[in-house]
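**Q** Numbering (my numbering), first residue to last: 721 to 989.
All C-beta atoms, glycine included, are put in the ideal place defined by N, C-alpha and C.
First the structure, which I've put down as structure tokens, then a few questions once you've had a look.
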């Protein structure tokens, strides 16, 4: 994969479909190697499709203004794909096949900044064949944010002690910023972006969640799914019994892959 900037990489196959793009927004603290299983899945499902990977830096996630600036290379990559497809104000019906796949809190944050920054330049909604939410979205609370931050640190060596401590420090800083500046949280930002037809042009969404997930409660995911149904979207909910956050593909690859394939190909959910 070619690095486009901090936390942004683009995979371009030798034979590339010009109107296709997969956008994968990884969880907080994930690196390129952590997403190998998901990237391999997409290489099998859509071998001629470019894959844009966004990862969220632990420290960058605290400052929205810096994150919006950091997402610019991803915005440029999406705009290049849209330009190749001929998507414009003069041709809003140009055929495109773009899928947005976001994972946990980090993915929600990256996707939100990408959508809002892209719209600021394009002044058109991003056409999507669908949205996939893996372990997302969650409502905002200090302890949910702490759990997501904690899980983003390594668990070996001294990190087993230092990681939780740093997660608390960052969590307190973020909470202070939210309260002082009355900032809209990442989950709420994504809900608002998702509801805004000026940002997203799509009517299909798939959720992967688990009853065992301690970071993203199933109730939060189902609440978002009901909101999507209320807007007339096609909704698919896949609920597992025993998987942890963003670990669903590792254990239930058959069901996971088939749902992703259906989203990509536009078949019945």
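Can you give, in chain order, each stretch of the beta strand (DSSP E) that sits fully within the stretch 799 to 859 and has at least 3 residues?
**A** The stretch 799 to 859 is shown to contain whole beta strand (DSSP E) runs of 3 or more residues at 817 to 823 and 850 to 854, in chain order.
**Q** Count the other C-beta atoms from every protein chain shown that fall within 10 angstroms of the C-beta of residue 815, then say buried if there are 16 or more, exposed otherwise.
**A** exposed
**Q** When you compare each of 917, 810 and 952 to residue 846 by their alpha carbons, which one comes out closest?
**A** 917
**Q** Among all the DSSP beta bridges, which residues are the ones paired with residue 921?
**A** 847
**Q** Once you ignore the five residues that flank residue 765 on each side, which residues in its own chain have a CB closer than 8 Å to its CB?
**A** 977, 980, 981 and 984
**Q** Taking 7 Å as the threshold (C-beta atoms), are residue 725 and residue 793 in contact?
**A** Yes; because the gap between Cβ atoms is below 7 Å, this pair is in contact.
**Q** How long is the line joining the alpha carbons of residue 894 and residue 835, rounded to whole angstroms?
**A** Residue placement at residue 894 is poorly supported in this model, since its pLDDT is 46, which falls under 50; the coordinates are not used for a value here.
**Q** Considering only C-alpha positions, which residue in the set 760, 744, 857 and 757 is nearest to residue 933?
**A** When each option's Cα is compared against that of residue 933, the closest is 857.
**Q** Look at the alpha carbon of residue 946 and the alpha carbon of residue 838, and state the distance between them as a whole number of angstroms.
**A** 27 Å
**Q** Is there contact here, the stretch 737 to 748 with the stretch 819 to 826, by at least three beta-carbon pairs under 8 Å?
**A** The stretch 737 to 748 makes contact with the stretch 819 to 826: 3 or more CB pairs, one atom from each, lie closer than 8 Å.
**Q** Let me know the secondary structure DSSP gives residue 977 once reduced to three states.
**A** Under the three-state reduction of DSSP, residue 977 is assigned to helix.
**Q** Rounded to the nearest angstrom, what separates residue 965 and residue 809 at their Cα positions?
**A** 39 Å
**Q** Can you give me the start and stop residues for the beta strand (DSSP E) that residue 941 sits inside?
**A** Run containing residue 941: none in the beta strand (DSSP E); it sits in the alpha helix (DSSP H), 938 to 950.
**Q** When we look at the beta-carbon of residue 940 and count the other beta-carbons within 10 Å, is it buried (16 or more) or exposed?
**A** Its Cβ being crowded by 16 or more others within 10 Å, residue 940 is buried.
**Q** Determine the contact status of residue 830 and residue 774, defining contact as a CB-CB distance below 7 Å.
**A** For the pair residue 830 and residue 774, the CB atoms are nearer than the 7 Å cut-off.
**Q** Does the contact criterion of 3 or more C-beta pairs under 8 Å hold for the stretch 755 to 772 versus the stretch 728 to 736?
**A** yes
**Q** Given a cut-off of 7 Å, decide if residue 788 and residue 833 are closer than it, judged by their beta-carbon atoms.
**A** Result yes, Cβ atoms of residue 833 and residue 788 sit closer than 7 Å.
**Q** Closest to residue 855 by C-alpha separation, out of 957, 752 and 949, would be which residue?
**A** It is 957.
**Q** To the nearest angstrom, how far is the alpha carbon of residue 768 from that of residue 926?
**A** Taking the straight line from one Cα to the other gives about 23 Å.
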